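The opening position of the sequence shown corresponds to residue 58 in my numbering, with each subsequent residue numbered one higher.
Worksheet: the structure to be examined is printed underneath.
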Amino acid sequence: MRIDNVYIERFKNLRNFSINIDENEWHTVLLGQNAAGKSNFLEALVIIFRDLDLEQHTSFNYSIEYKCKGNLIKVNGGPDVPNKYGMFLGEVINERIIYSTIISKAEVKRNKEKYLPKYVFSYYSGVSNRLLEHFDPHQKRFYEELIKSDNIPEQRPFFYARLIHSYFVLMAFYSFPDSKVAKFMEDYFGILGLESMLFVFKKPIWDKKNKNPLDFWGAKGVVRNFLSELWNASMAPFVYEDKVRLDFRRDQKQEHLYLYISNQDKLRQIAKKYGNNAGFFKSLESTYISDLIQEVRVKVRKRNVSGDITFKELSEGEQQLLTVLGLLRFTKEEESLILLDEPDTHLNPLWKWRYMNLLYDIVREAKPKEKETSQILMTTHDPLVIGGLSKEEIRIFQNVKDVDENGDEYIKTETFQPDFDPKGLGVAGILTSELFNLPSTLDQDTLEDLQERNLLISKQEKTGLSEQEKKRLTKLFYNLSNLGINTTDRDPLYQKFIIAISQREDFDLQETSPDEREKQNKIALEILDEIIKSSEG
Numbered sequence: 058m059r060i061d062n063v064y065i066e067r068f069k070n071l072r073n074f075s076i077n078i079d080e081n082e083w084h085t086v087l088l089g090q091n092a093a094g095k096s097n098f099l100e101a102l103v104i105i106f107r108d109l110d111l112e113q114h115t116s117f118n119y120s121i122e123y124k125c126k127g128n129l130i131k132v133n134g135g136p137d138v139p140n141k142y143g144m145f146l147g148e149v150i151n152e153r154i155i156y157s158t159i160i161s162k163a164e165v166k167r168n169k170e171k172y173l174p175k176y177v178f179s180y181y182s183g184v185s186n187r188l189l190e191h192f193d194p195h196q197k198r199f200y201e202e203l204i205k206s207d208n209i210p211e212q213r214p215f216f217y218a219r220l221i222h223s224y225f226v227l228m229a230f231y232s233f234p235d236s237k238v239a240k241f242m243e244d245y246f247g248i249l250g251l252e253s254m255l256f257v258f259k260k261p262i263w264d265k266k267n268k269n270p271l272d273f274w275g276a277k278g279v280v281r282n283f284l285s286e287l288w289n290a291s292m293a294p295f296v297y298e299d300k301v302r303l304d305f306r307r308d309q310k311q312e313h314l315y316l317y318i319s320n321q322d323k324l325r326q327i328a329k330k331y332g333n334n335a336g337f338f339k340s341l342e343s344t345y346i347s348d349l350i351q352e353v354r355v356k357v358r359k360r361n362v363s364g365d366i367t368f369k370e371l372s373e374g375e376q377q378l379l380t381v382l383g384l385l386r387f388t389k390e391e392e393s394l395i396l397l398d399e400p401d402t403h404l405n406p407l408w409k410w411r412y413m414n415l416l417y418d419i420v421r422e423a424k425p426k427e428k429e430t431s432q433i434l435m436t437t438h439d440p441l442v443i444g445g446l447s448k449e450e451i452r453i454f455q456n457v458k459d460v461d462e463n464g465d466e467y468i469k470t471e472t473f474q475p476d477f478d479p480k481g482l483g484v485a486g487i488l489t490s491e492l493f494n495l496p497s498t499l500d501q502d503t504l505e506d507l508q509e510r511n512l513l514i515s516k517q518e519k520t521g522l523s524e525q526e527k528k529r530l531t532k533l534f535y536n537l538s539n540l541g542i543n544t545t546d547r548d549p550l551y552q553k554f555i556i557a558i559s560q561r562e563d564f565d566l567q568e569t570s571p572d573e574r575e576k577q578n579k580i581a582l583e584i585l586d587e588i589i590k591s592s593e594g
């Protein structure tokens, strides 16, 4: 599953929006200022593939080209397209893709795996639930199948990661001995193993007859089987009526069933019946989907910590990293589309620096010798994350003014590939490049001092300085020197450059738009050319 081109007529702030993604790359990182449309683009992709899978209308017009199972596919959809959507199969002719074969809806329904991504996986680090609601139809269908089935249904094609999944990931990681997993957990989280687990179950919404909690409120099928396994392995199960906080205004009394698993070995005995840690993860999640889990309290043994601590006490960054990487490991399949919206928000600089390599290791782990067919689209605001990437792996979002067919001005979101690789630039170089458009990595006050110093140097060469200005220039040199910023007069050519550029009123370092940056570069090159010619003459 590799997306190539997308056009969206109008969705939120995406208007006449188009993006070309390098389908040869297994991941693409989306950069841009806040409100540039990155998250809206990911949301639009979820809606497009959700509607195709559910065979329903999409509320906006779009066109998307992608590769799936070796097939070159184009889909046109939206209100202006008859019969919900049109899907076409393409072939390469004279180095161009020609989409000439119509794929019938009956064929798509019979063979979805040939034409649609096997899984669409999404994670959003913010508090908004705008993405979450688009996953509800698939989760509801999975829930309805689950509560009456003797087997865990096929993994739903749309999966949205939540915080509670981090607890299931943690238990699934330790449910089967794995030296790689153990090393990863110790290196990154300092976790040596699980100490104990307490499952707190609640009355589910589907229990209308107030059935006995000791009978799992009448749960059936695969969920009941799993709860029975937990019951048999637990110590002194009991029921207790708890007061549960709903919000700051009110509490509610709820009857809870407590099942305590006293050690890691007992958990492994339960997990063994599910074949592997991915199967065990699905069983754990099935109890959550069935509306039975109130909470899970996991105690872990941690390096350099006396006694044990609860998993909840780990930092948000630790829980965030474990959630994303663990879920990718347990749910990722070939031909998957993975959408990550700022998954690095709470990570420390070292983890951000290693993040893309960690993703790669997880994605490639399943079938390392086969060509990767899944695709990751990810947003970030951090230069550390992209420090090792090539320009082909990045797309920049920017807002520009445009005029519609009625002559009215509007803000349009454009995307482009940067002109150079961020790899090798370093953090400062990335921040001051077109990738982030900072005027400088210096703070505002220091930057203003530098500009004032340069103006005074220019004036000194041109007309001379007053006594007060000389004192000010001396003070600026002293202050900047204490900050580790060297003086300029050791290199006469550089001093000439500073003087010349300070005299140009049309050179404004504070302006960082792409057009202004291009103008600044042109001015700087003109000045350099003049200085070099004069020095040679």
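Just so it is clear, CB atoms sit at the ideal spot from N, CA and C, and this is done for glycine as well.
Just so it is clear, the structure is predicted and the values come from calculations on it, not from any experiment.
_Touching by the beta-carbon criterion (3+ pairs, under 8 Å), the region 261–273 and the region 358–376_ = Note that the region 261–273 does not touch the region 358–376; fewer than 3 beta-carbon pairs, one per stretch, sit closer than 8 Å.
*Is residue 179 helix, strand or coil when you go by DSSP?*
Position 122 of the sequence shown, counting from 1, holds the residue named residue 179. Here residue 179 sits in strand by DSSP.
*Can you tell which of 321, 436, 177 has the C-alpha that lies nearest to the C-alpha of residue 195?*
The sequence position of residue 195 within the sequence shown is 138, counting from 1. Minimum Cα distance to residue 195 is reached at 177.
*How should residue 97 be labelled, buried or exposed, when 16 other C-beta atoms within 10 angstroms of its C-beta is the threshold for buried?*
Your numbering for residue 97 matches position 40 in the sequence shown. Under this definition residue 97 is a buried residue.
*With a cut-off of 8 Å on the beta carbons, I'd call residue 232 and residue 280 a contact; round off their distance for me.*
For the purposes of this step, residue 232 is taken as residue 175 along the sequence shown, with counting starting at 1. For the purposes of this step, residue 280 is taken as residue 223 along the sequence shown, with counting starting at 1. Between residue 232 and residue 280 the beta-carbon gap is near 18 Å, outside 8 Å, which marks them as no contact.
*Where does residue 546 fall in DSSP's three states?*
Counting from one through the sequence shown, the residue named residue 546 turns up at place 489. The predicted model places residue 546 with a pLDDT of 48, which falls under 50 and marks its position as unreliable; any figure quoted below should be read in that light. The three-state secondary structure of residue 546, taken from DSSP, is coil.
*asked:* Going by DSSP in three states, residue 578 sits in which element: helix, strand or coil?
replied: On the sequence shown, position 521 is the one that residue 578 refers to. In this structure, residue 578 counts as helix in the three-state DSSP scheme.
_Runs of beta strand (DSSP E) lying entirely within the region 295–338, each at least 3 residues, in chain order_ = DSSP runs (the beta strand (DSSP E)) wholly in the region 295–338: 308–318.
*Do you know whose CA, among 183, 182, 174, 120, lies nearest residue 156's CA?*
For the purposes of this step, residue 156 is identified with residue 99 of the sequence shown, where counting begins at 1. Residue nearest to residue 156 within the set 183, 182, 174, 120 is 120 (criterion: CA-CA distance).
*Provide the residue(s) that pair with residue 84 in DSSP beta bridges, ordered along the chain.*
Translated into positions along the sequence shown, residue 84 becomes position 27. Secondary-structure assignment with DSSP links residue 84 through a beta bridge to 433.
*Using a Cβ-Cβ cut-off of 7 Å (strictly less than) and excluding sequence neighbours within five positions of residue 345, which residues of its own chain qualify?*
Within the sequence shown, numbered from 1, the residue matching residue 345 stands at position 288. Here residue 345 has 221 as same chain residues with Cβ atoms under 7 Å from its own Cβ, once five neighbours each way along the sequence are excluded.
*When you compare each of 148, 174, 164, 153 to residue 105 by their alpha carbons, which one comes out closest?*
Position 48 of the sequence shown, counted from the first residue, corresponds to residue 105. Among 148, 174, 164, 153, the Cα nearest to that of residue 105 belongs to 174.
*Kindly indicate which residue of 101, 109, 228, 151 has the alpha-carbon position closest to the one of residue 117.*
As a first step, residue 117 is located in the sequence shown; it is residue number 60 there, counting from the start. The shortest Cα separation from residue 117 among 101, 109, 228, 151 belongs to 101.
*Do you know how far the Cα of residue 408 is from the Cα of residue 489?*
By one-based count along the sequence shown, residue 489 stands at place 432. By one-based count along the sequence shown, residue 408 stands at place 351. Roughly 22 Å between the two C-alpha positions.
*asked:* Quick check on residue 344: does DSSP put it in helix, strand or coil?
replied: Here residue 344 corresponds to residue number 287 of the sequence shown, with the count starting at 1. In the three-state DSSP reduction, residue 344 falls in the helix class (H, G or I).
*Does the region 141–161 come close enough to the region 123–130 to have 3 or more Cβ pairs within less than 8 Å?*
Segments in contact, yes.
*Do you know offhand how far residue 58's Cα is from residue 80's?*
Indexing the sequence shown from 1 puts residue 58 at position 1. Indexing the sequence shown from 1 puts residue 80 at position 23. Here the alpha carbon of residue 58 sits roughly 9 Å from the alpha carbon of residue 80.
*Going by DSSP, name the residue or residues bridged to residue 253.*
Here residue 253 refers to the residue found at position 196 of the sequence shown. Answer by DSSP bridge pairing, in chain order: 356.
*Taking only the alpha-carbon atoms, compute the straight-line gap between residue 587 and residue 450 and give it to the nearest angstrom.*
Along the sequence shown, read from residue 1 onward, the residue named residue 587 stands at position 530. Along the sequence shown, read from residue 1 onward, the residue named residue 450 stands at position 393. Those two C-alpha atoms are separated by around 38 Å.
*In terms of residue numbering, what span does the alpha helix (DSSP H) encompassing residue 73 cover?*
Reading the sequence shown from its first residue, position 16 is the one you call residue 73. Careful: residue 73 lies outside any alpha helix (DSSP H), inside the beta strand (DSSP E) at 71–77.
*Pick out whichever of 500, 321, 204, 399 has its Cα sitting closest to the Cα of residue 95.*
By 1-based counting over the sequence shown, the position of residue 95 is 38. Its Cα nearest to that of residue 95, the residue 399 stands out among 500, 321, 204, 399.
*By Cβ distance, which residues of its chain are closer than 6 Å to residue 412, with the 5 residues on each side in sequence left out?*
Locating residue 412 in the sequence shown gives position 355, where the first residue counts as 1. Beyond the five residues adjoining it in sequence on each side, residue 412 comes within less than 6 Å, by CB distance, of 401, 442 in the same chain, given in chain order.
*Classify residue 547 as buried or exposed, calling it buried when 16 or more other Cβ atoms lie within 10 Å of its own Cβ.*
Locating residue 547 in the sequence shown gives position 490, where the first residue counts as 1. Summary for residue 547: the model assigns pLDDT 47, below 50, so the residue's position carries little reliability; its value from the coordinates is reported in the next sentence. Label assigned to residue 547: exposed.
*Which residues in the same chain have their Cβ closer than 6 Å to the Cβ of residue 381, if we skip the five residues on either side of it in sequence?*
Taking the first residue of the sequence shown as 1, we reach residue 381 at position 324. Counting only Cβ-Cβ distances below 6 Å, and skipping sequence neighbours, we find 180, 400.
*CB contact check: residue 509 to chain C, cutoff 7 Å*: No chain C appears in this structure, which consists of one protein chain only.
*Below 8 Å on the Cβ atoms is my guess for residue 204 versus residue 340; work out the distance and round it to an integer in Å.*
In the sequence shown, residue 204 corresponds to position 147, counting from 1. In the sequence shown, residue 340 corresponds to position 283, counting from 1. Residue 204 to residue 340, Cβ: 14 Å. No contact.
*Answer yes if the region 530–538 comes into contact with the region 501–512, meaning at least three C-beta pairs across the two stretches below 8 Å, and no otherwise.*
Because the criterion of three Cβ pairs below 8 Å is met, the region 501–512 and the region 530–538 touch.
_Out of 212, 89, 504, which one is the CA nearest neighbour of residue 342?_
What you label residue 342 is simply residue 285 of the sequence shown in a count that begins at 1. Nearest to residue 342 by alpha-carbon distance, out of 212, 89, 504, is 212.
*Given residue 160, which residues of its chain have a CB within under 6 Å of its CB, disregarding the five upstream and five downstream residues?*
By 1-based counting over the sequence shown, the position of residue 160 is 103. For residue 160, where only same-chain residues beyond five positions count, the Cβ hits under 6 Å are 144, 146.
*Could you check the C-alpha separation between residue 522 and residue 515 for me, to the nearest Å?*
Here residue 522 refers to the residue found at position 465 of the sequence shown. Here residue 515 refers to the residue found at position 458 of the sequence shown. Annotation: residue 522 to residue 515 spans about 10 Å, alpha carbon to alpha carbon.
*Using 8 Å as the threshold, is the region 185–194 in touch with the region 352–363, meaning 3 or more CB pairs across them?*
The region 185–194 is not in contact with the region 352–363.
*Can residue 61 and residue 122 be called in contact, C-beta distance under 7 Å?*
The residue labelled residue 61 in the question sits at position 4 within the sequence shown. The residue labelled residue 122 in the question sits at position 65 within the sequence shown. Residue 122 is positioned such that its CB atom lies closer than 7 Å to that of residue 61.
*To the nearest angstrom, how far is it from the Cα of residue 454 to the Cα of residue 470?*
As a first step, residue 454 is located in the sequence shown; it is residue number 397 there, counting from the start. As a first step, residue 470 is located in the sequence shown; it is residue number 413 there, counting from the start. C-alpha separation (whole angstroms): 7 Å.
*Within the same chain, show all residues whose beta-carbon is closer than 8 Å to that of residue 480, passing over the 5 residues directly before and after it, in chain order.*
Indexing the sequence shown from 1 puts residue 480 at position 423. The residues are 444, 445, 446, 447.
*Contacts around residue 199, its chain only, beta-carbon distance under 7 Å, and the 5 residues preceding and following it disregarded*: The count along the sequence shown starts at 1 and reaches residue 199 at position 142. Listed in chain order, the non-local C-beta contacts of residue 199 below 7 Å within the same chain comprise 210, 213, 346, local neighbours out to five positions each way being set aside.
*Less than 8 Å between the CB atoms is what I'm expecting for residue 386 and residue 250, so what's the real figure, rounded?*
Taking the sequence shown and counting its residues from 1, the one referred to as residue 386 is at position 329. Taking the sequence shown and counting its residues from 1, the one referred to as residue 250 is at position 193. Your pair residue 386 and residue 250 does not check out as a contact, with CB atoms roughly 18 Å apart and the cut at 8 Å.
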